[in-house]
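Peer 1: Please see the structure below; I have some questions.
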Amino acid sequence: MQFKATLLAALAAVVVSAQDTSELPACAQPCFLDNVADSGCSGVTDFKCLCSSKAYIDAVTSCTLGACPLDQAIVARQWAVDTCKSVGIDI
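Printed below as a string of structure tokens:
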């Protein structure tokens, strides 16, 4: 089971890295990836769904605030705002 979870996370990381994650702090990346499974969305590339999911956004926000220093959490938040805006959703 651990291998499957690790593989799934690695695949998700590859997909997310296809987006421009150069601005997303490393401390926040697991927060964005690990909460997809509970979002009800089809996957890590379903940005319209993820950006529309209050539960997903709340989980990512909470995780990021716990995992990152405040300055990096702010950068992660801006990355999320910009990513969602790119699919026509304001958060």
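Throughout the sequence shown, residue numbering follows mature numbering (1 follows the signal peptide of the UniProt record, and there is no 0), covering -18 to -1, 1 to 73 in sequence.
All C-beta atoms in this analysis are idealised placements derived from N, C-alpha and C, irrespective of residue type, glycine included.
Which of helix, strand or coil does DSSP assign to L52?
Peer 2: Position 70 of the sequence shown, counted from the start, is the residue given in the question as residue 52. If DSSP states are grouped into helix, strand and coil, L52 belongs with the helices.
Peer 1: Please check the pair C33 and C66, which I expect to be a contact at CB under 8 Å, by giving their CB distance rounded to whole angstroms.
Peer 2: Locating residue 33 in the sequence shown gives position 51, counting from the first residue. Locating residue 66 in the sequence shown gives position 84, counting from the first residue. About 4 Å separates the two Cβ atoms, so the contact holds.
Peer 1: Can you give the Cα-Cα distance for L6 and G22, rounded to whole angstroms?
Peer 2: Taking the first residue of the sequence shown as position 1, residue 6 is located at position 24. Taking the first residue of the sequence shown as position 1, residue 22 is located at position 40. Roughly 23 Å separates the two Cα atoms.
Peer 1: When we look at the beta-carbon of S4 and count the other beta-carbons within 10 Å, is it buried (16 or more) or exposed?
Peer 2: For this step, residue 4 is matched to residue 22 along the sequence shown. Per the 10 Å Cβ criterion, exposed.
Peer 1: Could you check where the alpha helix (DSSP H) with C13 kicks off and where it finishes?
Peer 2: Position 31 of the sequence shown, counted from the first residue, corresponds to residue 13. First-last of the alpha helix (DSSP H) with C13: 11 to 16.
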